[in-house]
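Residue numbers (the numbering used here): 10 to 300. Ideal placement from N, C-alpha and C gives every residue a C-beta, glycine not left out. Owing to the predicted nature of the structure, the values given are computational and were not obtained by experimental measurement. A short write-up of the structure that comes next.
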Amino acid sequence: MLVSNKWIDYECIDAGNGEKLERWGNIILRRPDPWALWTHDNTNEWNLYHAIYHRNDKGGGYWENKKRFNDFWTIKYRELTFKVSPTGFKHTGLFPEQAANWDFIIDKIQNANREIKVLNLFAYTGGATIAASYAGAKEVVHVDASSGMNEWAKENAKLSNLEKNKIRYICDDCLKFVEREKRRGNKYDAIIMDPPTYGRGPAKELWRFEDSLNKLIDSCIDLLSDKPLFILISSYTKGITPEILKNILITSTSSKLNKGKITTDELGLPITMSKLVLPCGVYGRWENDEI
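This is how it looks when you write it as structure tokens:
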């Protein structure tokens, strides 16, 4: 498992009974987690939160504040700074388990010894975008179907002092954008994607992970430059195991990319109180092992 264990401003304090207790800077949040299926000791720490998220019977939910705190605040990872804010869908604008992938992105780009152009699809609030730009990418193209998430990503870039770097923020359906880039003849050295289980594009385009992923990956491979650096995929879709993602990458890359290293595994976060690791989805990478 790839564990994001280098955080200072974030901590998974405890997890279990379908919930997790987290510290985001100085703010403690308690919210549901579908992977925390074991039991936890009902210690006093579980009642020291600033806010708790309650699910309702319609699939949504709401935050109940126990202590007063700002609507948003910032936390740091390495030299990167991110805005955090509880949203109506229980998220906070950041997936801390992705920090291990940010480390990978930074390392690969900084050690490439050449200019790298990056495409980030389903880019959300820009964690991977910020990591790639910070690492020295000559250009990052950030694509997400939500204009609100793109604006949030711009805020994160500014907080990390990267607002003068070349980052293009595009509100579009990711598959449609990739198909247009193919027709334009544009190329990228690295492609990152975090496709959802289900989603809609700006024009109500339907995305289903199991129906659309293979087509997207195949099209993305056509966008790679003559000296591609890496492809990085994350998934939070239940039922998608590392072995499935490995098979997808093997079959997608074998006919178009001559050589390369494929790595897949789970993502995880260390749990302070229990010393366990909280599973947080899976990742898959293709790396050019000749560079």
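Start-to-end residues for the beta strand (DSSP E) that takes in residue i
i      : result
Trp16  : Per DSSP, Trp16 belongs to no beta strand (DSSP E) and is neither H nor E.
Ala199 : Ala199 to Met202
Lys147 : Careful: Lys147 lies outside any beta strand (DSSP E) and carries neither H nor E.
Lys92  : Leu89 to Val93
Glu275 : Lys270 to Pro279
Lys85  : Trp82 to Tyr86
Pro288 : Val286 to Glu296
Ala60  : Ala60 to Arg64
Tyr71  : Gly70 to Asn74
Where the alpha helix (DSSP H) through residue i begins and ends
i      : result
Glu162 : Strictly speaking, residue 162 in this sequence is Ala, with Glu absent from that position. Here the alpha helix (DSSP H) through Ala162 covers Ser156 to Leu168.
Phe113 : Ala108 to Gln119
Leu29  : Checking the displayed sequence, the identity of residue 29 turns out to be Lys instead of Leu. Note, Lys29: premise wrong, no alpha helix (DSSP H); beta strand (DSSP E) at Glu28 to Trp33.
Glu252 : Pro251 to Thr262
9 Å Cβ cutoff met for residue i and residue j
i      : j      : result
Leu233 : Leu266 : yes
Ala166 : Ile139 : yes
Ser169 : Phe98  : no
Ala24  : Val127 : no
Pro251 : Val291 : yes
Ala137 : Lys15  : no
Ser94  : Phe104 : no
Phe239 : Asn195 : no
Arg294 : Thr281 : no
Ile230 : Asp203 : no
Pro288 : Met10  : yes
Leu46  : Gly27  : yes
Arg77  : Ile61  : no
Ser13  : Leu278 : yes
Lys117 : Ala144 : yes
Thr260 : Gly269 : no
Trp55  : His63  : no
Ala132 : Asn110 : no
Where residue i falls: helix, strand or coil (DSSP)
i      : result
Leu184 : helix
Leu225 : helix
Glu172 : coil
Asn122 : coil
Asp235 : coil
Thr138 : helix
Trp55  : helix
Pro41  : strand
Arg177 : strand
Asp220 : helix
Close Cβ partners of residue i (< 8 Å) along its chain, the five nearest in sequence each way excluded
i      : result
Lys247 : Pro43 and Thr206
Glu188 : Ser228
Beta-carbon proximity list for residue i, same chain, < 7 Å, skipping 5 on both sides
i      : result
Glu124 : Lys147
Trp161 : Lys92, Gly102 and Thr134
Tyr178 : His151, Asn159, Ala162 and Lys163
Own chain residues within Cβ distance below 6 Å of residue i, not counting five before or after
i      : result
Glu31  : Cys21 and Leu38
Lys175 : Glu148
Ile302 : Any question about residue 302 goes unanswered here, given that the chain covers just 10 to 300.
Leu225 : Leu184
Leu276 : Leu11, Glu106, Cys289, Gly290 and Tyr292
Proximity test, Cβ basis, 9 Å: residue i and chain D
i      : result
Lys284 : Given the protein chain composition of this structure (a single chain), no chain D is represented.
Quiz item: Quick one: any contact between the stretch 144 to 152 and the stretch 60 to 80, if contact means 3 or more CB pairs under 8 Å?
Solution: no
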